[in-house]
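J.:
Protein chains: 2
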Amino acid sequence: MRIAIIGFGGVGKALIKLLIDKKAELLNEGMDLKVNYVIGSKGGVYDSDGIDLIKFMDYSLKNKNIFEYPCGGSKDVDFQMLLDYKDVDTVIEMTHTNITDGEPGMSHILKSLQNGFNVITANKGPILLQYNKLKKVAKQNNVQLGIGCTTGGALPSINSGIIELAGSKINSIEGILNGTTNFIINEMENNKTEYAEALKKAQDIGIAEKNPELDVDGWDTATKLLILTNVLMDENKTLNDVNIEGITKIKYSDIQEALNEGKKYKLVGRAIRKENGLDISVKLEKIGPENPLYVVDGKNKAVKYNSDTLGDLTIIGGASGVTPAAASVLRDLININRGFKYII
Amino acid sequence: MRIAIIGFGGVGKALIKLLIDKKAELLNEGMDLKVNYVIGSKGGVYDSDGIDLIKFMDYSLKNKNIFEYPCGGSKDVDFQMLLDYKDVDTVIEMTHTNITDGEPGMSHILKSLQNGFNVITANKGPILLQYNKLKKVAKQNNVQLGIGCTTGGALPSINSGIIELAGSKINSIEGILNGTTNFIINEMENNKTEYAEALKKAQDIGIAEKNPELDVDGWDTATKLLILTNVLMDENKTLNDVNIEGITKIKYSDIQEALNEGKKYKLVGRAIRKENGLDISVKLEKIGPENPLYVVDGKNKAVKYNSDTLGDLTIIGGASGVTPAAASVLRDLININRGFKYII
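So the sequences go chain by chain: A and B. Under my numbering, the residues of the first sequence are numbered 1 to 344, in order. Under my numbering, the residues of the second sequence are numbered 1001 to 1344, in order.
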């Protein structure tokens, strides 16, 4: 299988490391993977016989500009070259998330599918904005679109909904989908601190961004929830359909009050089918120990489905970091190789 | 897809009801299913064009002997007939579990695979005793063997290990795999009763069997744990390799003591890779809220994996009853139809 990796940040590097470390296991699966392209923002690396990953990894750890890599690096190696040469089977799209128009990932994914390449993406933007269109194009071109990394990284949220609830109708989706906010609330609980202090700690140790709005105002949770809803409940909703609340107004006294009731505050994304339509929200909620989401602490994430024939299914996990994120991209790649059709 | 159903108990009936109820959704997946055989212990029903499921269901709800069904019922419809005619693609094996020699399921599964039929089974015996052999035969004959229903019914335990941890190495498996024992312990907790009383209640409401040894002595947990271990950790262990403890000696005072520590007793099946080999046990353990298994109460089940690249993954669910069990068989059928290769 010939691969192109587009977007060479932390997850891209971790993926190449995994492909090196797991080479024997992958060969054992019948997967002789050749990475023909690694494309960054200013150029990339190309080798029609597959890039020597160990040498390239060594270089890229020491040098920032991969287009200067002596064995195939060039400013001319870009996405257009890949479209011209058409010498890959699968494109792994890992550029940054943009929820306004999805670019540049949107064009990469769309054109890749149109050209008959499978796509695996960790990029939430295009999936949030145009999943149904992309699915249709994938189907028309008889290729696969793996999006397992877009809704919680290592947490197999979307794939569990597709695979483990196959044949079942999902009535509701409930999830703790953002590790940063869960960490901040948990910090307040454990250290009896106020929001600002807990946020600062999360920023100091690299869990929260300097501009944390996407996380703390609930947008990241809403984005993941919407992808789950549109894909698994066959809907076509947008962020305008979600009632979004963040965590910035929570006080330690609220948390203390919840703890006194034996409960914990969590930022819960929820989509429920009701008689008058779908109700989609992101809200701070007090959760008691009767709900499995109660045990989801720290940076952990979880999703809970209710279905018609298979009952409740809760998935907790989703280790944070670039390696688990890369491993979740690799998981989609393996499952597509095993013949699984995410798009039917 | 032409199907044979072997074993017509509660789950078999529920499966036929699901095939009727979900017909439109299945057709939408491109699955035009024809049930050519339903085989019970004294005979069966055969129709080379597919049995009319609505009529047959109606008959079988009112009549015990399906071999007397006027449209194709006969004492001569048996597994041998299916082998002679070879007019099915997939055999669904649901005869009773026998962990001594696996029969009659073992022969049904083995011969079906040898004859080029996919097999989906809910029967733990053959999988416990001969998974590696059956896997080899499936591979040689280029067919699939779906065993998702053997380790907790609706709980997608084994399939999550195969699919959601694809590309990852599993270091440990930990699970609450038996709903009956979990219910009994939970009853003792909630009603401050002793073991004998809680067992009697479980028996009265049909959760525990009259002869409850398989459950309460830990054998059912051990069987499921062994299947998970052998399949997911590529081992070949037997019940002799498992250190098994049941729940019969637990006292309310033990439970009270655990509750005072903020913990709960659970019957935990556990397989851990250690330096000197694999440690496999079924034991009563005190679990605190830092472990996601803490919230698994009543008849619920759960499994927790630790992996090298995807971290911890906990799956909680597994609604009890014949419909969820049948739905988990249907899930394997759909995923095989979607191209997924459980056997690679």
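Don't be surprised by glycine CBs; every beta carbon is placed ideally from N, CA and C.
Along chain B, in chain order, which residues have C-beta atoms closer than 8 Å to that of E235/A?
T.: The residue given as residue 235/A occupies position 235 in the first sequence. Here the premise fails: no neighbours, minimum Cβ distance about 16 Å.
J.: Which same chain residues, not among the five before or five after E1093/B, have their C-beta less than 7 Å away from its C-beta?
T.: Against the second sequence, residue 1093/B aligns to sequence position 93. Same-chain partners within the cutoff: I1006, G1007, G1105, H1108, I1109, V1119, T1121 and N1123.
J.: Leaving out five residues on either side along the sequence, give the residues of the same chain with a beta carbon under 8 Å from the beta carbon of D76/A.
T.: Position 76 of the first sequence, counted from the first residue, corresponds to residue 76/A. The residues are G43.
J.: From this set, I336/A, I344/A and I343/A, which residue's C-alpha is nearest K1341/B's C-alpha?
T.: One-based indexing of the second sequence puts residue 1341/B at position 341. Here the closest residue by C-alpha is I336/A.
J.: Would you mind stating whether D32/A and G146/A have Cβ atoms separated by less than 8 Å?
T.: Sequence index remark: in the first sequence, residue 32/A carries index 32 (1-based). Sequence index remark: in the first sequence, residue 146/A carries index 146 (1-based). Taking 8 Å as the Cβ cut-off, D32/A and G146/A do not qualify as a contacting pair.
J.: Can you confirm whether K341/A, when its beta carbon is compared against all beta carbons of chain B, has any partner nearer than 8 Å?
T.: Taking the first residue of the first sequence as position 1, residue 341/A is located at position 341. Output row for K341/A: interface = yes.
J.: Over what stretch of residues does the beta strand (DSSP E) that includes R1002/B continue unbroken?
T.: The residue you call residue 1002/B lines up with position 2 of the second sequence. That run of the beta strand (DSSP E) goes R1002 to I1006.
J.: Pop quiz: L1239/B and L1226/B are said to be a contact at Cβ under 8 Å. What is the actual Cβ separation, rounded to whole angstroms?
T.: Here residue 1239/B corresponds to residue number 239 of the second sequence, with the count starting at 1. Here residue 1226/B corresponds to residue number 226 of the second sequence, with the count starting at 1. With 8 Å as the limit, L1239/B and L1226/B qualify as a contact, their Cβ atoms being about 7 Å apart.
J.: Starting from V1282/B, trace the beta strand (DSSP E) in both directions and tell me its first and last residue.
T.: By one-based count along the second sequence, residue 1282/B stands at place 282. Its beta strand (DSSP E) spans residues G1277 to I1287.
J.: Tell me, which residues are paired with S1307/B by DSSP?
T.: The count along the second sequence starts at 1 and reaches residue 1307/B at position 307. Paired residues: I1170/B and G1311/B.
J.: Examine the Cβ distances between the segment 248-256 of chain A and the segment 186-206 of chain A and report whether three or more of them are shorter than 8 Å.
T.: The segment 248-256 of chain A vs the segment 186-206 of chain A: in contact.
J.: Determine the closest residue to S1307/B out of G269/A, T314/A, S328/A and K210/A, with distance taken between C-alpha atoms.
T.: Your numbering for residue 1307/B matches position 307 in the second sequence. With distances taken between Cα atoms, S1307/B lies closest to S328/A.
J.: Taking the alpha helix (DSSP H) that A1154/B belongs to, which residues open and close that run?
T.: Here residue 1154/B is taken as the residue at index 154 of the second sequence, counted from 1. Unbroken run through A1154/B: none, as it is neither H nor E.
J.: For E1025/B, count neighbouring Cβ atoms within 10 angstroms of its own Cβ and tell me buried if that reaches 16, exposed if not.
T.: By 1-based counting over the second sequence, the position of residue 1025/B is 25. With fewer than 16 Cβ atoms within 10 Å of its Cβ, E1025/B is classed as exposed.
J.: Which residues in chain A sit within 8 Å of A1024/B, going by Cβ to Cβ distance?
T.: Taking the second sequence and counting its residues from 1, the one referred to as residue 1024/B is at position 24. Within 8 Å Cβ-Cβ: nothing; A1024/B doesn't reach chain A, min ~11 Å.
J.: Could you compute how far the alpha carbon of T309/A sits from the alpha carbon of K1286/B?
T.: Position 309 of the first sequence, counted from the first residue, corresponds to residue 309/A. Position 286 of the second sequence, counted from the first residue, corresponds to residue 1286/B. Approximately 32 Å, taken between the alpha carbons.
J.: Does the segment 1130-1143 of chain B come close enough to the segment 1045-1062 of chain B that 3 or more CB-CB pairs lie under 8 Å?
T.: Short answer: they don't touch.
J.: Helix or strand or just coil, what does DSSP make of L53/A?
T.: Working through the first sequence from its first residue, we reach residue 53/A at position 53. Three-state result, L53/A: helix.
J.: DSSP three-state label for E1093/B, please.
T.: Position 93 of the second sequence, counted from the first residue, corresponds to residue 1093/B. Strand, per DSSP.
J.: Quick one: which chain A residues come within Cβ less than 8 Å of S1168/B?
T.: Translated into positions along the second sequence, residue 1168/B becomes position 168. Within 8 Å Cβ-Cβ: A327 and R331.
J.: In the DSSP assignment, what are the bridge partners of G1073/B?
T.: Walking along the second sequence from the start, residue 1073/B turns up at place 73. According to DSSP, G1073/B bridges with V1045/B.
J.: In the DSSP assignment, what residue or residues form a beta bridge with N118/A?
T.: In the first sequence, residue 118/A corresponds to position 118, counting from 1. DSSP, once it has assigned bridges, lists T90/A as partnering N118/A.
J.: What would DSSP say about L1267/B, mapped onto helix, strand or coil?
T.: Counted from its first residue, the second sequence places residue 1267/B at position 267. Correct three-state label for L1267/B: strand.
J.: Provide the residue span of the beta strand (DSSP E) that contains K34/A, from first to last.
T.: On the first sequence, residue 34/A is found 34 positions in, with the first residue counted as 1. Note, K34/A: beta strand (DSSP E), K34 to I39.
J.: So the alpha helix (DSSP H) T100/A belongs to, where does it begin and stop?
T.: Position 100 of the first sequence, counted from the start, is the residue given in the question as residue 100/A. Per DSSP, T100/A belongs to no alpha helix (DSSP H) and is neither H nor E.
J.: Counting only C-beta atoms, is G317/A closer than 8 Å to chain C at any point?
T.: The structure shown has no chain C; the protein chains it does contain are A and B.
J.: CB T1323/B to CB K1224/B, shorter than 8 Å?
T.: The residue labelled residue 1323/B in the question sits at position 323 within the second sequence. The residue labelled residue 1224/B in the question sits at position 224 within the second sequence. Against a cut-off of 8 Å, the Cβ pair of K1224/B and T1323/B comes out as no contact.
J.: Take L1129/B as the anchor and find which of V1296/B, N1236/B and P1292/B has the nearest alpha-carbon.
T.: Numbered from 1 along the second sequence, position 129 holds the residue referred to as residue 1129/B. Checking every option, the nearest Cα to that of L1129/B belongs to N1236/B.
J.: Starting from F1183/B, follow the alpha helix (DSSP H) in both directions and report where the run begins and ends.
T.: Reading the second sequence from its first residue, position 183 is the one you call residue 1183/B. Note, F1183/B: alpha helix (DSSP H), G1179 to N1191.
J.: Name the two residues that bound the continuous alpha helix (DSSP H) containing N337/A.
T.: On the first sequence, position 337 is the one that residue 337/A refers to. Taken as a continuous stretch (DSSP letters only), the alpha helix (DSSP H) holding N337/A covers V322 to N337.
J.: Between the segment 1173-1187 of chain B and the segment 1208-1217 of chain B, do at least 3 Cβ pairs fall closer than 8 Å?
T.: Yes: the two stretches touch, three or more of their Cβ pairs being nearer than 8 Å.
J.: Who are the neighbours of E29/A on chain B, taking C-beta pairs under 7 Å?
T.: As a position in the first sequence, residue 29/A is number 29, starting the count at 1. Correct list: I1344.
J.: Counting only Cβ pairs nearer than 7 Å, list the residues of chain A close to R1338/B.
T.: Locating residue 1338/B in the second sequence gives position 338, where the first residue counts as 1. What R1338/B touches in chain A: F340, K341 and I344.
J.: Have a look at F1067/B, S1112/B and D1101/B and flag the residue whose alpha-carbon is nearest the alpha-carbon of D1084/B.
T.: On the second sequence, position 84 is the one that residue 1084/B refers to. Of F1067/B, S1112/B and D1101/B, the residue nearest in Cα terms is S1112/B.
J.: Output needed in chain order: residues of the segment 1289-1320 of chain B with a Cβ under 7 Å from some Cβ in chain A.
T.: Taking 7 Å as the Cβ-Cβ cut-off against chain A, the residues of the segment 1289-1320 of chain B that qualify are P1289, P1292, Y1294, V1295, T1309, L1310, G1311, D1312, L1313, T1314, I1315, I1316, G1317 and A1319.
J.: Give the residues of chain A in contact with A1258/B, contact being defined as C-beta atoms less than 7 Å apart.
T.: For the purposes of this step, residue 1258/B is taken as residue 258 along the second sequence, with counting starting at 1. Within chain A, no residue comes near A1258/B; the closest Cβ sits about 15 Å away, beyond 7 Å.
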